[in-house]
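If you're matching positions, the sequence shown starts at 28 in the numbering used here and goes up one per residue. Here the structure comes first, spelled out in structure tokens, and everything after it is commentary.
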Amino acid sequence: MNVLLALVLAIAALLLALAALLFLFTRRTARRVEAALPPAGRFVDVPGARLHVVERGQGPTLLLLHGLSGQLGNFSYGMIEPLARDFHVVAVDRPGAGYSTRSPGAGADLPAQADVLAALIDKLGLDRPLVVGHSLGGAIALALAIGHPGRVGGLALVAPLTHPPGGIPSVFKALTIARPWVRRLVAWTLAVPMSIARSEQVMEIVFGPDPVPADFATRGYGLLALRPGHFIAASEDLIAAGHSLPPLLPRYDALRLPVSILFGRDDRILDPAQNGEALAARVPGATLILVTGGHMLPITAVDTTVEFVRKSAARLQEVSLVPA
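Printed below as a string of structure tokens:
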């Protein structure tokens, strides 16, 4: 019995030592990443979040919303600069992503994130912007238009999540942790080293069939994913989207604003038919454009995506000029 107890204690001590090493590695990695890639914008406090925001240019306003496990670097990689020549571009790290933080107890569901963005629109005095939503950002853009129709001029959705998927993409399975304490434990021990070990495989799926740009980790701020807070927020987003997306579907028919959709035919994350064609069929006047490419069009097809946003903005302008 004493031998068994000693063995159990030895194993427990070994596990604690391993956990401590993983914690130290995670903290050191996060600090190095943040030192190398500091915030590029300013911070705006709104109910439920402290948001990191980048603003560039003048003209009609574009509000850019990134997807799951992303941050505004997905847009600053190549889209913000050309769009800022003719537009007032506002790119935001969603609550918990990038350098934004989610307030304790604040929800991560789609309506809650839409409320945060509506508060940001009010705080910055934005006049019915064209909301550009990529991936999960597309679902949040829809929730914003549905819940706060007076604050949105139109939607330009890039590879948007619009309908519940048949299953969770394999690259996001690690985020499906429902219990907060387990999520936090994993975030501070296993998540970062596992992300490093699986990065090539994950990026191939997320970007494929398009190649992953060699400078995405730095120019696209991809390294910011190697932080425990990022993992926690992405997991919260994924879990919350699962139960808050279905109630939005019956309300798509009531949308009365210009909606444009861009999808890559070879998207490996979201099905263009299930999310693009299905939404276009539900929303009156919605348009769908299918192009060659995968899921990360804001990075892999910058010119195409910028032109899509420009045409969506022109369409919005045409609608605003029509007499009521």
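Idealized CB from N, CA, C, for every residue including glycine. Just so we're clear, the structure is a prediction, and the values are computed from it rather than from any experiment.
Check                                                                                                                  : Outcome
Status (buried if at least 16 other CB within 10 Å, exposed otherwise) for Leu41                                       : exposed
Span of the alpha helix (DSSP H) around Phe70                                                                          : Here Phe70 belongs to no alpha helix (DSSP H); instead the beta strand (DSSP E) covers Arg69 to Val73.
Under 8 Å between C-beta atoms of Ile326 and Ala307                                                                    : no
Euclidean distance between Cα positions of Val333 and Leu43                                                            : 50 Å
Same chain, Cβ closer than 7 Å to Leu49, five either side skipped, listed in chain order                               : Thr216, Leu217 and Pro220
Leu144 to Pro236 span [Cα, whole Å]                                                                                    : 32 Å
Whether Ala111 touches Gly152 by CB criterion (8 Å)                                                                    : no
Cβ pair Ala186, Leu284 closer than 8 Å                                                                                 : no
Classification of Ser197 by the beta-carbon crowding that lies within 10 angstroms, buried from 16 upward              : exposed
Identified DSSP bridge partners for Glu82                                                                              : Val117
Residue burial classification, Asp120 (beta-carbon count within 10 angstroms, cutoff 16)                               : buried
Host beta strand (DSSP E) of His161 (start-end)                                                                        : Leu157 to His161
Spatial distance of Arg295 from Leu275 (CA atoms)                                                                      : 24 Å
Contacting residues, own chain, Cβ-Cβ under 6 Å from Gly303 (five flanking each side not counted)                      : Ile288, Phe290 and Leu315
Residues of its chain near Asn29, where Cβ-Cβ distance is below 8 Å and the 5 sequence neighbours each way are ignored : none
Backbone CA spacing between Leu78 and Ala47 [nearest angstrom]                                                         : 31 Å
Proximity below 8 Å, CB of Ala353 to CB of Leu89                                                                       : Residue 353 is absent from the structure shown; the chain starts at 28 and stops at 351.
Bridge-paired residues (DSSP) for Ile288                                                                               : Leu184 and Leu315
CA-to-CA distance, Pro122 to Thr128, given in whole angstroms                                                          : 5 Å
Ordered list of beta strand (DSSP E) runs contained in the region 88 to 137, each at least 3 residues                  : 88 to 92 and 115 to 119
Bounding residues of the alpha helix (DSSP H) (the contiguous stretch that carries Gly321)                             : It is not in any alpha helix (DSSP H) - Gly321 carries neither H nor E in the DSSP assignment.
Gln98 and Gly75 closer than 8 Å at C-beta                                                                              : no
Start and end residues, alpha helix (DSSP H) containing Asp237                                                         : Where Asp237 is concerned, there is no enclosing alpha helix (DSSP H), given that its DSSP letter is neither H nor E.
Meets three-Cβ-pair contact criterion under 8 Å: the region 57 to 71 and the region 246 to 254                         : yes
Close beta carbons around Arg178, own chain, < 6 Å, minus the five adjacent residues each side                         : Ala145 and Ile148
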